[in-house]
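Engineer:
Below, the structure written as structure tokens:
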């Protein structure tokens with residue numbers, strides 16, 4: 172069976188826990204891998220350094236990407252994803268607390284599939300995660316060859 176993996180790129184441990192709780196609350200049992208900064212996210216996606224062991228062609232079903240990250244910010248991660256032949260069609264959802272209009276504009280210019288502001292309230296956040304899971308893991312059709 173083909174496991175649909177979510178890659179969460181998030182440096183705040185509280186937001187990671189919140190996302191895990193929201194997934195569990197909504198019975199979304201997919202594996203969620205976490206990258207804590209932009210460098211780790213790119214290493215994971217391109218199978219470098221500590222992620223060399225991962226299957227080369229197995230990519231996550233969707234990347235949930237924060238913008239404000241240490242080492243390399245989310246916009247640069249998105250830029251690198253889109254310029255690489257193997258990952259350029261990978262669904263990337265910006266999941267951020269940023270309210271800056273320029274972040275929204277730049278995300279879409281760089282090829283984000285969606286831009287979602289993190290709600291402050293847990294119930295609203297849980298609803299957002301449920302809808303994300305339903306759409307990206309159940310309804311969305313991934314381009315052929317993206318995930319084996």
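Numbering (the numbering used here), first residue to last: 172 to 319. Idealized CB from N, CA, C, for every residue including glycine. This structure is a prediction, so every number in the text was calculated from the model and none was measured.
(1) Among 282, 259, 246, 199, which has the Cα closest to the Cα of residue 208?
(2) Whole angstroms are fine: how far does the CA of residue 286 sit from the CA of residue 275?
(3) Pick out the complete alpha helix (DSSP H) segments inside the stretch 202 to 268, 4 residues or longer, and give them in chain order.
(4) What would DSSP say about residue 191, mapped onto helix, strand or coil?
(5) Which whole-angstrom value is the C-beta distance of residue 197 and residue 301, which I expect to be below 8 Å?
(6) Can you tell me whether residue 315 is buried or exposed, with buried defined as 16 or more other CB within 10 angstroms of its CB?
(7) If I'm right that residue 213 touches residue 263 with Cβ under 8 Å, what's the distance once you round it to whole angstroms?
(8) Under 8 Å between the Cβ atoms of residue 205 and residue 233?
(9) So what's residue 281 in DSSP terms, helix, strand or just coil?
(10) For residue 224, count neighbouring Cβ atoms within 10 angstroms of its own Cβ and tell me buried if that reaches 16, exposed if not.
Structural biologist: On the basis of the supplied data:
(1) When each option's Cα is compared against that of residue 208, the closest is 246.
(2) 7 Å
(3) 209 to 217, 245 to 254
(4) helix
(5) Between residue 301 and residue 197 the Cβ distance is about 4 Å, and since that is below 8 Å, they are a contact.
(6) exposed
(7) Not quite, the Cβ-Cβ distance comes to about 12 Å (not below 8 Å), so this is no contact.
(8) No, Cβ-Cβ distance for residue 205 and residue 233 is not below 8 Å.
(9) coil
(10) exposed
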